[in-house]
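Student:
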Amino acid sequence: MRIHRDDENLRQRLRRAIGGFGEGGVGGRRGRGNGGIGGRIGWGSKYGGGFEGGQKKRGYRADWYVCHSAAQSRVFNLCVNAKELSNNKRPLEEDEKQAMPRMSSRLSDDPEQGQGNGQNGAAAESKSSLLIPELGWDLSVYCLARLRRCDYGSIASLNRSFLSLVRKGELYSLRRKLGIVEYWVYFSCNILEWEAFDPNSGRWMHLPKMVSNECFMCSDKESLAVGVELLVFGKEIMAPIIYKYSILTNSWSFGKEMNTPRCLFASASLGAIAILAGGCDPQGNILSAAELYDSLTGTWETLPNMNKARKMCSGIFMDGKFYVLGGIAEGNTKQLTCGEEFDLKTRTWREIPDMFSPRSGEARVNGILPATAEAPPLVAVVNNVLYAADYAQQEVRRYVKESNSWVTMGGLPEGVSSVYGWGLAFRACGDQLIVIGGPSTLGERMIEIHGWVPDEGAPQWNLLGRKKSGSFVYNCTVMGC
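Printed below as a string of C-alpha cells:
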C-alpha cells in the first residue's frame with residue numbers, strides 16, 4: 001500500500017506512533033522492539049501494531065508527545081522520505097551514497113547492548129530494532145542527522161539507544177559528511193555563565209554553570225568553538241587551565257593542556273580543528289609559538305613559529321588558510337599592522353605587510369590611548385571575505401585581497417556600545433555577520449544580537465534576538481556543526 005503524505009489522519013496516527021517511543025522502540029511494547037510503525041499502513045506486517053502500541057501501551061507518554069510534537073513531525077516527514085529511498089522511489093544522490101553511514105558492524109561495541117548475549121550479530125540487531133525498526137539502522141541515522149540541532153535533546157530522551165547515538169557524536173559525524181551545518185552563538189555576559197542562541201529558531205539556551213575558583217573568575221579568558229566543543233581558557237591558582245563544554249553531553253570537563261600554555265592569543269577554527277598563535281606565557285613573555293588542536297582526538301600539535309611574536313591579536317580562517325591580524329609586539333606600544341598567513345599544506349608562515357591598519361579615532365591617533373587598552377581586532381570572515389568592525393567610528397570595513405586594502409561598507413547597528421572595543425562581539429555566523437552587545441541606554445541590562453548577510457551594499461542590520469542579561473559580552477564564539 002502506498003503512503004499518502006497528504007492524508008492528515010494518517011499523519012496524526014503516525015505521529016502518535018512516533019510519539020510512542022519507549023524503552024522498546026517505536027510505539028513498542030515495553031522491553032520489545034516489535035510494536036513500531038505498523039503494517040496496517042503497508043510498511044510490513046512484521047512491525048504491526050504500532051498505532052495501538054504507541055497510543056495505549058506503556059511506551060507512550062502523553063506529556064512527552066505534547067512537548068515534542070514539532071520534533072515528531074520532522075521525524076515523520078524524514079521517515080516518509082527515507083521509506084521512499086528504501087523502496088527505490090527516489091534514488092540516492094551521489095553525495096548521499098558516500099555519506100550514508102555503515103555503522104551496524106560497530107554496534108556490538110556498545111556496552112549497553114548485547115549484555116548476556118555472546119553473538120555480535122544479535123547485539124547489533126537488538127540495537128537496530130530500538131531505533132526506527134522498519135527503516136533499519138543506516139536509514140534511521142540518516143533521517144535523524146537531517147533534523148535540527150535543537151531537536152536532539154528530544155531525540156535523546158526517547159530511549160537509551162537514541163541517547164547513546166547523540167552522545168557518541170555519530171549524528172554530527174554524518175552531518176559533516178553530508179555538508180549539514182547549523183551555526184549557534186555561544187556567549188558569556190556573566191562570569192562562569194554561558195548562553196547559546198540559535199539564529200534559525202530564535203531560541204535562547206542556558207548552559208550548565210561552570211564550577212571554578214575565584215582565581216579563574218578574575219583571570220583573562222579566551223573562548224573558542226571547535227567541532228562539538230566549546231573551549232574556555234583561563235588561569236587557576238597554580239597554572240593555566242582549559243574548561244571544555246561538549247554539546248554531546250551538555251556538561252563541562254577539563255581539557256588537555258596546551259604544549260605552550262598562554263593567554264591573549266589569536267585563534268580560529270575550521271571544522272574539527274583549530275589553530276592558536278601568539279599570546280603571553282605565564283611569565284608574561286610574548287610568544288610567536290603556534291599550535292593546532294584536533295577536537296576529534298583532543299590533542300595538541302606544535303606548529304612552526306610565526307615570524308613575529310605578538311599578543312592581543314586576532315585569528316581567522318580564509319580560503320583554507322589561517323591568518324593572524326594586529327596585536328602588540330615585545331617593547332612596542334603600537335598595534336602591529338602586518339598580518340601573517342599560515343598554509344596548512346606547506347606548514348609555513350608568510351608575513352603580509354600593512355594587512356591590518358590601526359583603528360581610527362582622535363585618542364588613538366594622538367597616542368592618548370595606548371594599544372593595550374583596546375580590544376584585539378574585531379574581525380570575521382563570511383564566504384572567504386574578511387570584514388572588520390571599527391568601534392571608534394562605528395563602521396564595518398571589507399578587506400580587498402587584490403589590493404591589500406580596506407573599504408568602508410557602512411555602519412554598525414545603531415546603539416551598540418563598548419569600552420574601547422571590549423564588551424562587543426563581532427562574529428561570522430554562517431552566511432551572515434553578527435554583532436552582539438548591549439544597547440547604550442543607561443541602566444538597561446539587555447543583550448542584543450544583530451545580523452546582516454553581506455553584499456555590495458551598505459549593511460542592513462536585522463535584530464535577531466533581544467533579552468535581559470548582562471550588557472557586557474566577556475566572551476563569544478560561534479559553533480557550526
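Take the sequence shown: its position 2, counted from the start at 1, is 2 in full-length UniProt numbering, and no numbers get skipped.
Heads up, the beta-carbon is just placed ideally off N, CA and C, and yes, glycines get one too.
Quick caveat, the model's predicted, so the values are computed rather than measured.
Tell me where the alpha helix (DSSP H) around Ile155 begins and ends.
Tutor: First-last of the alpha helix (DSSP H) with Ile155: Tyr152 to Ala156.
Student: How long is the line joining the alpha carbons of Pro208 and Thr477, rounded to whole angstroms?
Tutor: Straight-line Cα distance between these residues: approximately 17 Å.
Student: Expressed to the nearest angstrom, what Euclidean distance is found between the alpha-carbon atoms of Val407 and Ser357?
Tutor: The alpha-carbon atoms of Val407 and Ser357 are separated by roughly 11 Å.
Student: Give me whichever residues DSSP pairs with Gly480 in a beta bridge.
Tutor: The partner list for Gly480 (beta bridge, DSSP) reads Tyr183.
Student: From this set, Leu412, Ile352, Pro413 and Ser219, which residue's C-alpha is nearest Glu402's C-alpha?
Tutor: For the residues Leu412, Ile352, Pro413 and Ser219, the minimum Cα distance to Glu402 belongs to Ile352.
Student: Measure the beta-carbon distance from Pro377 to Leu424 and round it to whole angstroms, keeping in mind my assumption that it falls under 8 Å.
Tutor: That belief does not hold up - the Cβ atoms of Pro377 and Leu424 are roughly 12 Å apart, past 8 Å.
Student: Could you have a look at Leu248 and say whether DSSP puts it in helix, strand or coil?
Tutor: In this structure, Leu248 counts as coil in the three-state DSSP scheme.
Student: Please tell me whether Val416 and Gly430 are closer than 7 Å, where the distance is taken between their beta carbons.
Tutor: Not a contact, by the Cβ cut-off of 7 Å.
Student: If we ignore side chains and look at the alpha-carbon of each, how far apart do Met318 and Trp349 end up?
Tutor: Cα to Cα, Met318 sits roughly 14 Å from Trp349.
Student: Given that a residue counts as buried once 16 or more other Cβ atoms are within 10 Å of its Cβ, and exposed if not, what is Leu107?
Tutor: Because Leu107 sits at a pLDDT of 35, beneath the cut-off of 50, its placement in the model cannot be relied upon, and the following sentence gives the value as read from the coordinates. By the neighbour-count rule (16 or more Cβ atoms within 10 Å), Leu107 is buried.
Student: Assuming Val166 is part of the alpha helix (DSSP H), what are its boundary residues?
Tutor: Element bounds for Val166: Arg160 to Arg167.
Student: Once DSSP output is grouped into helix, strand and coil, what is the label at Asp319?
Tutor: Of the three classes helix, strand and coil, the one that applies to Asp319 here is coil, per DSSP.
Student: Just list the residues that DSSP pairs Ser314 with in beta bridges.
Tutor: Looking at the DSSP assignment, Ser314 forms a beta bridge with Leu325.
Student: Give, in chain order, every unbroken run of the alpha helix (DSSP H) that is at least 4 residues long and sits entirely within the stretch 379 to 448.
Tutor: Counting only runs of 4 or more, we get nothing.
Student: Quick check on DSSP: helix, strand or coil for Leu463?
Tutor: Residue state, collapsed to three classes: strand.
Student: My parser needs the alpha helix (DSSP H) runs of 4 or more residues fully inside the stretch 262 to 291; what are they?
Tutor: Here no run is fully enclosed.
Student: Ser288: buried (16+ other C-beta within 10 angstroms of its C-beta) or exposed?
Tutor: Counting Cβ neighbours within 10 Å, Ser288 comes out buried, since at least 16 surround it.
Student: Since Tyr152 contacts Cys481 with CB under 8 Å, what's their CB separation in whole angstroms?
Tutor: Tyr152 to Cys481, Cβ: 11 Å. No contact.
Student: If you run the structure through DSSP and keep just helix, strand and coil, what is Tyr474?
Tutor: If DSSP states are grouped into helix, strand and coil, Tyr474 belongs with coil.
Student: Rounded to whole angstroms, what is the Cα-Cα separation between Pro199 and Pro282?
Tutor: So the two alpha carbons sit approximately 37 Å from each other.
Student: Looking at the unbroken alpha helix (DSSP H) that takes in Phe216, where does it start and where does it end?
Tutor: Per DSSP, Phe216 belongs to the alpha helix (DSSP H) from Glu214 to Cys218.
Student: Can you tell which of Val379, Trp422 and Arg176 has the C-alpha that lies nearest to the C-alpha of Ala373?
Tutor: Of the candidates Val379, Trp422 and Arg176, the one whose C-alpha sits nearest the C-alpha of Ala373 is Trp422.
Student: Could you tell me the distance, in whole angstroms, from the CA atom of Leu165 to the CA atom of Cys263?
Tutor: Distance between the alpha carbons of Leu165 and Cys263 is about 36 Å.
Student: Who are the Cβ neighbours of Leu224 in its own chain at under 7 Å, not counting the five residues just before and after it?
Tutor: Excluding positions up to five away in sequence, the list reads Leu231, Ser267, Ser269, Ala274 and Thr477.
Student: Would you tell me roughly how many angstroms separate the C-alpha atoms of Leu135 and Ser246, rounded to the nearest one?
Tutor: If you take the alpha carbons of Leu135 and Ser246, they lie about 29 Å apart.
Student: Assuming Gly169 contacts Leu248 under a Cβ cut-off of 8 Å, what Cβ separation, rounded to an integer in Å, is found between them?
Tutor: At roughly 5 Å, the Cβ-Cβ gap stays under 8 Å, so Gly169 and Leu248 are in contact.
Student: Can you list, in chain order, the residues of its chain whose CB lies under 7 Å from that of Gly339, leaving out five sequence neighbours each side?
Tutor: Contacts found: Tyr323, Val324, Leu325, Ile352, Met355 and Phe356.
Student: Quick check on His206: buried or exposed, where buried means 16 or more other Cβ atoms within 10 Å of its Cβ?
Tutor: His206 comes out exposed.
Student: If we define contact as Cβ-Cβ less than 7 Å, is Asp198 a contact residue for chain B?
Tutor: Going by chain labels, chain B is absent from the structure shown, which holds only one protein chain.
Student: Measure the Cβ-Cβ separation of Asn475 and Lys311 and say whether it is below 7 Å.
Tutor: Contact: no.
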